[in-house]
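Undergrad:
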Ligand code: ADP
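Residue numbers (mature numbering (1 follows the signal peptide of the UniProt record, and there is no 0)): -28 to -1, 1 to 509.
1. Could you tell me the alpha carbon to alpha carbon distance between residue 82 and residue 179, rounded to whole angstroms?
2. Whole angstroms are fine: how far does the CA of residue 203 sit from the CA of residue 29?
3. Using the three-state DSSP reduction, which class does residue 151 fall into: helix, strand or coil?
4. Please find out if some non-hydrogen atom of the ligand ADP comes closer than 6 angstroms to the beta-carbon of residue 261.
5. Specify the secondary structure class of residue 207 as computed by DSSP and reduced to three states.
6. For a test of your reading of the model: does the CB of residue 438 fall under 6 angstroms from any non-hydrogen atom of the ligand ADP? Yes or no.
7. Is the stretch 321 to 329 close to the stretch 292 to 304, with three or more CB pairs under 8 angstroms?
8. Where does residue 507 sit, in a helix, a strand or coil, going by DSSP?
9. Would you mind sorting residue -6 into buried or exposed? The rule is 16 or more other CB atoms within 10 Å of its CB.
10. Are there three or more Cβ pairs, one per stretch, closer than 8 angstroms when the stretch 473 to 491 is compared with the stretch 341 to 361?
11. Return yes when the C-beta of residue 481 is under 6 angstroms from any heavy atom of the ligand ADP, and no when it is not.
12. Report the residue from 219, 116 and 254 whose alpha carbon sits nearest the alpha carbon of residue 20.
13. Indicate, with yes or no, if the ligand ADP has a heavy atom lying under 6 angstroms from the CB of residue 455.
14. So, helix, strand or coil for residue 221, using DSSP?
15. Rounded to whole angstroms, what's the CA-CA distance from residue 304 to residue 401? Just pull it up for me.
16. Could you tell me whether the stretch 248 to 261 touches the stretch 211 to 231, where touching means 3 or more Cβ pairs closer than 8 angstroms?
17. With DSSP as the reference, label residue 165 as helix, strand or coil.
18. What does the alpha-carbon distance come out to for the pair residue 414 and residue 433?
19. For residue 40 and residue 169, I'd like the C-alpha separation in whole angstroms.
20. Would residue 516 and residue 166 be called neighbours here (beta carbons separated by less than 7 angstroms)?
21. Report buried or exposed for residue 194, applying the criterion of at least 16 other Cβ atoms within 10 angstroms of its Cβ.
22. Sort out for me which residues DSSP pairs residue 489 with in a bridge.
23. Can you find a heavy atom of the ligand ADP that lies under 6 angstroms from the Cβ of residue 258?
24. Of all the options 362, 292, 150 and 120, which has the alpha carbon lying nearest to the alpha carbon of residue 71?
25. Using a Cβ distance threshold of 8 angstroms, determine whether the stretch 402 to 421 contacts the stretch 378 to 385, with at least three qualifying pairs required.
26. Less than 6 angstroms separating the Cβ of residue 474 from some heavy atom of the ligand ADP?
27. Hey, how far is the Cα of residue 137 from the Cα of residue 196?
28. Where does residue 99 sit, in a helix, a strand or coil, going by DSSP?
29. Please classify residue 133: is it buried, with 16 or more other beta-carbons within 10 angstroms of its beta-carbon, or exposed?
30. Just verifying my parser: in three-state terms, what is the DSSP assignment at residue 413?
31. Is residue 297 helix, strand or coil when you go by DSSP?
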């Protein structure tokens, strides 16, 4: 049997594999493209949403600061000297921890009035905690609005105020805070006032920015507020560092501060990535299953092709097996009929004709019986019989045949009966096939037929001293049409003819008796074929 399948078969297998795997791979690729497209689109949408969120956070902070400016600009709260405005300022500062102090001054900034919390605010001639004409100071920090406000800024504020609208202008302080400055309409007299508040970044972020961020930060999206150049946030909705930020926007109100966004687990993006992985796994699985299916189909086809090839061999083997004995019988028969055979040779001619006829009928019998087993029409008529007696009967009947081939036949049979339930003719046929093979493949060595009892079974064994059967072929030889060509002891290859049906028939007969037929290597060389049948008590 050839080791590799024929080319057509390989091509068929390739086509099968391609049929199964190419569509799965194409699917997977298409899926990957769709995934990456939708991922990109989703990222775009997410960025737009984040920009919207950051915009509204900024807008809100700005709105809050505007409200404070509104209050500061009201006539009742003009941050001018006087106890009523001082009280208003104190109430405002207490309610607004992000504002450290407020101030009011004239456009010329000749005098500045500060209201600050906590006291003490250094003042000149004032012990209430509010002061005139003095820089604002707590601890090491000292802010003098007269120096801090650039002229250009004040002019811009006045111009805006003259046009009727108010703009909050931020002025960064060295300390990290900022002044929010604006101009307000005059109250008593013609000059507008310059008003302002000092905003502390940390409390501002905590009390104004973070509440909005906490509200909008959900679904795996987390926010943090960072000072420019710092890795750790000054406040955030979840623990994070700068490196994890996927997007950031400056805080309009606080120069040097940014709001950063981290898209983490539980976000839509994360879910999408997970889904992409799942699809990849799914398609991988499908490809694997299809591949396995293709492989399975390929093996099936290969077996079919192999069986077809074996059948072809079988037909040519059978023709040969028929032609050889027929030619002999005809030749010998014709010689005898024509009286061309001397008397002393006649017995050999007759016995050859008989032997060849027997061989023919065994061959035809094998084919017919095997066919019956295949069609399910084989009739096994099981009756009580003695397996030892059956082995003795067949051994004696075939002794002349074995010896004619130059082999010795030895029988090793038990004294007591080996009762079984069996079909006499079928079992005899199986045994004859084994003896026949032992002669055919036994290299002229002795053929031994033994019967014995073993563990509730009755065994009959046929052993030879031939080359044996390679372990890899010991099961295959029982398959129909399978013939192996074992090397003989002298290294030559057997050329014995046969149909490959003998052992298949032996196994079918054994199994029809609820038994088994097996072969094993024989110690010292050769094979032992064994039929094991259930004992019948
Ligand atoms: P056939 O003898 O017609 O080829 P079988 O089914 O009887 O068919 O045997 C199948 C194959 O098993 C044989 O072709 C032969 O290669 C191998 N075989 C059978 N009996 C023996 C044996 N006693 N020793 C070695 N090989 C054997």
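Glycine included, each C-beta is placed from N, C-alpha and C at the ideal position.
TA: On the basis of the data shown:
1. Distance from the CA atom of residue 82 to the CA atom of residue 179, rounded to whole angstroms, is 34 angstroms.
2. 21 angstroms
3. strand
4. Every heavy atom of the ligand ADP is 6 angstroms or more from the Cβ of residue 261, so no.
5. strand
6. yes
7. Yes, the stretch 321 to 329 touches the stretch 292 to 304.
8. strand
9. exposed
10. yes
11. no
12. Nearest of 219, 116 and 254 to residue 20, Cα basis: 219.
13. Annotation for residue 455 indicates a beta carbon within 6 angstroms of some heavy atom of the ligand ADP.
14. strand
15. 28 angstroms
16. Between the stretch 248 to 261 and the stretch 211 to 231, the count of C-beta pairs closer than 8 angstroms stays below three; the two stretches do not touch.
17. Shown here, residue 165 sits in a strand according to DSSP, grouped into three states.
18. 15 angstroms
19. 9 angstroms
20. The structure shown does not extend to residue 516, since the chain spans only -28 to 509, so no value can be given for it.
21. Burial is judged here by how many other beta carbons sit within 10 angstroms of a residue's own beta carbon; residue 194 has at least 16 and is buried.
22. 503
23. no
24. 150
25. yes
26. Taken from the Cβ of residue 474, at least one heavy atom of the ligand ADP lies inside 6 angstroms.
27. 33 angstroms
28. Low per-residue confidence applies at residue 99: pLDDT is 41, beneath 50, and the placement is therefore not dependable enough to give any value.
29. By the neighbour-count criterion, in which 16 or more other beta carbons inside 10 Å mark a residue as buried, residue 133 falls on the buried side.
30. helix
31. helix
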